[in-house]
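So the structure is just underneath, and the comments pick up after that.
Number of protein chains: 2
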Amino acid sequence: MISAIRNAESSWMAEGAAYQDVILSNRIRLARNLKDYPFPARATPEEKQALGEEIGSHLPWLLEESGREWLQLRLEEVTPQERGVLVDKHLISPQLAGHPEGASLLLSTDEVVSIMINEEDHIRLQVLLPGQQLHEAWVVADHIDNLLENRLDYAFRHDLGYLTACPTNVGTGLRASVMAHLPALVISKKYGRILTAINQMGFVVRGIYGEGSEATGQIFQISNQISLGHTEVEVIQSLQGIVKQVVEEERNTRIALQNSSEPMLIDRIGRSLGTLTHARLITTEDAVQLLSDLRLGINLQRIRGVGNATVSALLVKIQPAWLSLDNPSEGSSLDWQRAGILRQALEGVSLE
Amino acid sequence: MISAIRNAESSWMAEGAAYQDVILSNRIRLARNLKDYPFPARATPEEKQALGEEIGSHLPWLLEESGREWLQLRLEEVTPQERGVLVDKHLISPQLAGHPEGASLLLSTDEVVSIMINEEDHIRLQVLLPGQQLHEAWVVADHIDNLLENRLDYAFRHDLGYLTACPTNVGTGLRASVMAHLPALVISKKYGRILTAINQMGFVVRGIYGEGSEATGQIFQISNQISLGHTEVEVIQSLQGIVKQVVEEERNTRIALQNSSEPMLIDRIGRSLGTLTHARLITTEDAVQLLSDLRLGINLQRIRGVGNATVSALLVKIQPAWLSLDNPSEGSSLDWQRAGILRQALEGVSLE
Chain A
2 MISAIRNAES
12 SWMAEGAAYQ
22 DVILSNRIRL
32 ARNLKDYPFP
42 ARATPEEKQA
52 LGEEIGSHLP
62 WLLEESGREW
72 LQLRLEEVTP
82 QERGVLVDKH
92 LISPQLAGHP
102 EGASLLLSTD
112 EVVSIMINEE
122 DHIRLQVLLP
132 GQQLHEAWVV
142 ADHIDNLLEN
152 RLDYAFRHDL
162 GYLTACPTNV
172 GTGLRASVMA
182 HLPALVISKK
192 YGRILTAINQ
202 MGFVVRGIYG
212 EGSEATGQIF
222 QISNQISLGH
232 TEVEVIQSLQ
242 GIVKQVVEEE
252 RNTRIALQNS
262 SEPMLIDRIG
272 RSLGTLTHAR
282 LITTEDAVQL
292 LSDLRLGINL
302 QRIRGVGNAT
312 VSALLVKIQP
322 AWLSLDNPSE
332 GSSLDWQRAG
342 ILRQALEGVS
352 LE
Chain B
2 MISAIRNAES
12 SWMAEGAAYQ
22 DVILSNRIRL
32 ARNLKDYPFP
42 ARATPEEKQA
52 LGEEIGSHLP
62 WLLEESGREW
72 LQLRLEEVTP
82 QERGVLVDKH
92 LISPQLAGHP
102 EGASLLLSTD
112 EVVSIMINEE
122 DHIRLQVLLP
132 GQQLHEAWVV
142 ADHIDNLLEN
152 RLDYAFRHDL
162 GYLTACPTNV
172 GTGLRASVMA
182 HLPALVISKK
192 YGRILTAINQ
202 MGFVVRGIYG
212 EGSEATGQIF
222 QISNQISLGH
232 TEVEVIQSLQ
242 GIVKQVVEEE
252 RNTRIALQNS
262 SEPMLIDRIG
272 RSLGTLTHAR
282 LITTEDAVQL
292 LSDLRLGINL
302 QRIRGVGNAT
312 VSALLVKIQP
322 AWLSLDNPSE
332 GSSLDWQRAG
342 ILRQALEGVS
352 LE
């Protein structure tokens, strides 16, 4: 488990997938519960433990059948900073990190599959892949879910589907989401109109860290709002269609911005690179914004010496959790460390 | 004359003088008028021409006696941009550049002595030296003034002294001024108190381009307010005393800032260097501020690869006059050129 915490890099950051100029990652998440146990929020510590043991008793079988290697972690046994790194890498939910009592995680060693136990639901199964691979992620999730279902007695009703702690997840228990970097749509102020259109289609746009978080760094998470009334494949196809449109709109707007105001755009990217490579104190919020400009520069082919994968890893390394893994610290000391990490990582990077 | 216009560098920018960590230059200016001619503001073009010829008839003698080499320039014969460069180098007054009709300039080839003819007064004699050399500048000015007075019939009254177009110059006709870079006093907000103290002593603090201009880039001009009732040497000694105190205060405040908030200070300098070396569009005002931070970094021994002289020359090269010497242009085109000049001049400069 240490490796997942001690490396800021993760397989979903890897370069080479389609649409990576705009899309950071795809996520499929399934919410599942067992019939004979109360939902975690209503369960006593003993009931949570019993659930953990029930699932645990089937694990050896699951681990073997899945064809993957796994790491196991009891969330209570690591520090809040270590849990924070897993959140910042998008490998576990903030909910799981914030309520570690009786919670555990099964993580495939390639960091593609996360099985969270005693989260808001008994089981949250997540598959995370880079670029535009929503369907591929669904195939992996469905396979693991079937393995689990073979051994566990899921709470399921034929009229409703899978039962979940929160009514918004009842049905398929599916949340399909895509993390997209939309700087041109934000700069050109087209973003509001597109958000409205996405909402009208029953999908929702959130900030990078899910519900309630702000869209810092022009990174948005687009996901289905409801999980009742449509099959998983229908939802995924709809989302793929929306994402395709958003990607095209973002790409076209980048071209339009280059045509209409290239000096302003390049100045913005240049100034951000200059600050990233020369500042001595940078807040998290500033760093996210500066890295967003850098990522835009990379995908406009104007920034040399760094790629999208490094930017994704830096978005983890600038977070307080990573910076205080070994030396819990705060405030300006974190800002100083953050600036140092950015300077070091981006040494020799240039704007053409 | 071309050389003074085509080089942004000038001898007052040269490194090696005392106090240059704070003081950019010292200036002695004497206002003189001839008895039998109306002040330029009230003179007809013919009267201005006659005055120019009167002075001109004595020039060969002056030029020889002074032991200096001189350049002569009729202001009407150069472009507004060329006059602008002379103003930005502080070699002529904005008044002379703005009213070139019948005006001319005698400039020593080392650019230390400027004799402006048909400015607000018939003659404005200026001596400009680097660092803390107010007395040395006075000695030079007094020598040239005596040479002029040997041949010209100055308007002088024994009860008042030299008569001038503006009553504030009556008496000695002297304005002694020191251009000082006071970033620490501005950052620490001590500047207001010091300004008040200076005013109470009969001296005045103005922005870099004299009366009515703002103190951009934390560069201030400290000069005597009145020229009646004190000898030249008294005024110069008082100003030297004030400047000594201001320099000490600025130096102490720089040390105090380094002790109390070095990370913030170095971050500020680093960010400014990063912007100067990476931006693609920079306004004049921004550039002056950024160069002020850079100069502070140089004098705190934290910036490597550039010195005060380069910063002084850049303060000329970022001005619209210099940028549009050959290609009159404006707005964002100037901002683009300005950023290019700064990037080129500061390539390889680093913060330690």
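Residue numbers (the working numbering), protein chains in the order written: chain A, 2 to 353; chain B, 2 to 353. Built from N, CA and C at the ideal position, the CB exists for glycine as well.
Which residue marks the beginning of the alpha helix (DSSP H) containing residue i, and which one marks its end?
i             : result
residue 334/B : 333–346
residue 43/A  : It is not in any alpha helix (DSSP H) - residue 43/A carries neither H nor E in the DSSP assignment.
residue 205/A : Counting along the chain, residue 205/A falls outside any alpha helix (DSSP H), though it belongs to the beta strand (DSSP E) covering 204–207.
residue 242/A : 233–279
residue 311/A : 309–318
residue 330/A : That residue, residue 330/A, is in no alpha helix (DSSP H); it is neither H nor E in DSSP.
residue 4/A   : 3–7
Classify residue i: buried if its beta carbon has 16 or more other beta carbons within 10 angstroms, exposed otherwise.
i             : result
residue 168/B : exposed
residue 19/A  : exposed
residue 232/A : exposed
residue 68/A  : exposed
residue 197/A : exposed
residue 62/B  : exposed
residue 328/A : exposed
residue 36/B  : exposed
residue 280/B : buried
residue 251/B : buried
residue 260/B : exposed
residue 229/A : exposed
residue 339/A : buried
residue 49/B  : buried
residue 182/B : buried
residue 42/B  : exposed
residue 147/A : exposed
Within the same chain, show all residues whose beta-carbon is closer than 6 Å to that of residue i, passing over the 5 residues directly before and after it, in chain order.
i             : result
residue 155/B : 33
residue 97/B  : 104, 117 and 120
residue 222/B : 178, 180 and 207
residue 11/B  : 90 and 112
residue 350/B : 306 and 307
residue 22/A  : 300
residue 248/B : 20 and 23
residue 3/A   : none
Keeping to the same chain, check which residues put their C-beta closer than 7 Å to that of residue i; ignore five residues upstream and five downstream.
i             : result
residue 161/A : 171 and 172
residue 277/A : 291, 295, 343 and 347
Give me the Cα-Cα distance between residue i and residue j, rounded to the nearest whole angstrom.
i             : j             : result
residue 289/A : residue 218/A : 5 Å
residue 244/B : residue 195/B : 11 Å
residue 304/A : residue 294/B : 26 Å
residue 52/B  : residue 269/A : 55 Å
residue 282/A : residue 184/B : 20 Å
residue 40/B  : residue 201/B : 32 Å
residue 70/A  : residue 56/A  : 17 Å
residue 266/A : residue 287/A : 18 Å
residue 99/B  : residue 112/B : 20 Å
residue 65/A  : residue 145/A : 11 Å
residue 175/A : residue 6/A   : 27 Å
residue 318/B : residue 9/B   : 6 Å
residue 59/A  : residue 152/A : 7 Å
residue 323/B : residue 106/B : 19 Å
residue 272/A : residue 271/B : 12 Å
residue 199/A : residue 284/A : 32 Å
residue 76/A  : residue 336/B : 54 Å
residue 274/B : residue 297/B : 11 Å
residue 130/A : residue 13/A  : 5 Å
residue 224/A : residue 320/B : 52 Å
Spatial neighbours of residue i within its chain, please: CB distance less than 8 Å, with the 5 preceding and 5 following residues excluded, ordered by chain position.
i             : result
residue 299/B : 307, 308, 309 and 312
residue 139/B : 29, 128, 177, 233, 234 and 237
residue 135/B : 27, 29, 177, 179, 237, 240, 241 and 244
Which residue or residues does DSSP assign as beta-bridge partners of residue i?
i             : result
residue 136/B : Per DSSP, none; premise fails for residue 136/B.
residue 304/B : 352/B
residue 117/A : 106/A and 125/A
residue 182/B : 220/B
residue 130/A : 27/A
residue 296/A : Answer is none; residue 296/A lacks a bridge partner.
residue 225/B : 204/B
Hey, quick one: how far does the beta strand (DSSP E) through residue i stretch, first residue to last?
i            : result
residue 71/A : 71–75
>> Output needed in chain order: residues of the stretch 258–283 of chain A with a Cβ under 7 Å from some Cβ in chain C.
In response: The displayed structure is made up of protein chains A and B, and chain C is not among them.
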